[in-house]
Amino acid sequence: MGYGWRKHPVCSNAHDWLVANKPELQKISMCWGDSRIGNVLYKDYKASALLDWEMASMGDPLMDLAWGFAVDECNSLGLGVPRLDGSMSQSEGIEIWENKTGLSAENINYFRVLALFKFSVIMVRVAKRLIFNEIMPLDSDFHLNNFTTEYLDSEVTRVSKL
Numbered sequence: 002m003g004y005g006w007r008k009h010p011v012c013s014n015a016h017d018w019l020v021a022n023k024p025e026l027q028k029i030s031m032c033w034g035d036s037r038i039g040n041v042l043y044k045d046y047k048a049s050a051l052l053d054w055e056m057a058s059m060g061d062p063l064m065d066l067a068w069g070f071a072v073d074e075c076n077s078l079g080l081g082v083p084r085l086d087g088s089m090s091q092s093e094g095i096e097i098w099e100n101k102t103g104l105s106a107e108n109i110n111y112f113r114v115l116a117l118f119k120f121s122v123i124m125v126r127v128a129k130r131l132i133f134n135e136i137m138p139l140d141s142d143f144h145l146n147n148f149t150t151e152y153l154d155s156e157v158t159r160v161s162k163l
C-alpha cells in the first residue's frame with residue numbers, strides 16, 4: 002500500500018504546478034519541517050524547545066513559515082473551529098518573519114502550495130491506513146475528499162490566477 006498520491010487528481014495537479022513554478026531559492030538552511038505551535042514547549046512564556054524534527058530538511062526557510070500557516074488553517078478552518086481570538090494574522094506573521102530573518106516572503110504562495118501538497122500526501126496515506134485497518138468504512142472516499150486536499154485544490158487554483 003503506497004501513498005498513491007500520483008493517482009490522486011488534486012495531488013497530481015499540484016505536483017505539476019509545483020514543478021512548473023519552482024522559484025529560485027533565496028537561501029538554503031536547515032528547516033524544521035513541522036513548525037507549528039503544538040510542537041513548541043514554553044517556559045515563562047518563551048519558547049524553550051522545538052519538538053518533532055522527523056520532517057527536517059535542507060531548503061528555503063519559507064518552507065517552515067508556509068507549513069505553519071497551512072497546518073493552522075487546516076486545523077481550524079478544516080475542522081470548522083474558529084482561530085483563537087488574538088491569533089496573529091498571516092500578514093502579521095510574514096511581517097515579523099521578514100523583519101527577524103531579513104529575508105523576503107515574496108514566494109510564500111509557492112511554499113504554501115508545497116506545504117499543502119505535503120500535508121495532502123500525508124492525509125492520503127493516513128486515510129488509506131484507516132480504511133485498510135477497518136477504522137473507516139471500505140467505501141470511504143476520505144483519501145480523495147478531505148479538507149486538506151480540497152484546500153490544496155483551491156490554493157492551486159488561486160495562485161494560478163496570480
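With the numbering used here applied, the sequence shown corresponds to residues 2 to 163, in that order. Don't be surprised by glycine CBs; every beta carbon is placed ideally from N, CA and C.
Original post:
In chain order, what residues of the same chain lie with their CB nearer than 8 angstroms to the CB of N14, ignoring the 5 residues before and after it?
Top reply: D154, V157
**OP:** Report yes if the C-beta distance between T102 and M124 is below 8 angstroms; otherwise report no.
**Re:** no
Subject >> Where the beta strand (DSSP E) through V41 begins and ends >> reply: 41 to 44
Original post:
Any contact of the stretch 54 to 74 with the stretch 109 to 120, i.e. 3+ C-beta pairs under 8 angstroms?
Top reply: yes
Subject >> Extent of the continuous alpha helix (DSSP H) to which M124 belongs >> reply: 109 to 133
Original post:
Using the beta-carbon count (16 or more within 10 Å), is L139 buried or exposed?
Top reply: exposed
**OP:** Could you check which residue in G60, L19, R84 has the C-alpha nearest to that of M31?
**Re:** G60
**OP:** Return the bridge partner residues of L51 from the DSSP annotation.
**Re:** V41
**OP:** With DSSP collapsed to three states, give me the class of S13.
**Re:** helix
Original post:
Around the Cβ of W18, are there at least 16 other Cβ atoms within 10 angstroms (buried) or fewer (exposed)?
Top reply: buried
Original post:
With distances taken from CA atoms, which of G81, D86, F70, M64 is nearest K23?
Top reply: M64
**OP:** Check whether the Cβ of K8 lies closer than 8 angstroms to any Cβ atom in chain D.
**Re:** Looking for chain D here will not work: only one protein chain is present.
Original post:
Cα-Cα, which of K28, G34, W98, V122 is closest to G146?
Top reply: First, the residue type needs correcting, since residue 146 is Asn and not Gly in the sequence shown. Here the closest residue by C-alpha is V122.
Subject >> Distance, S141 Cα to M2 Cα >> reply: Low local confidence applies: a pLDDT of 48 at M2 is under 50, so the model's placement there is unreliable, with the coordinate-based value given in what follows. Each residue's Cα considered, the two are about 16 angstroms apart.
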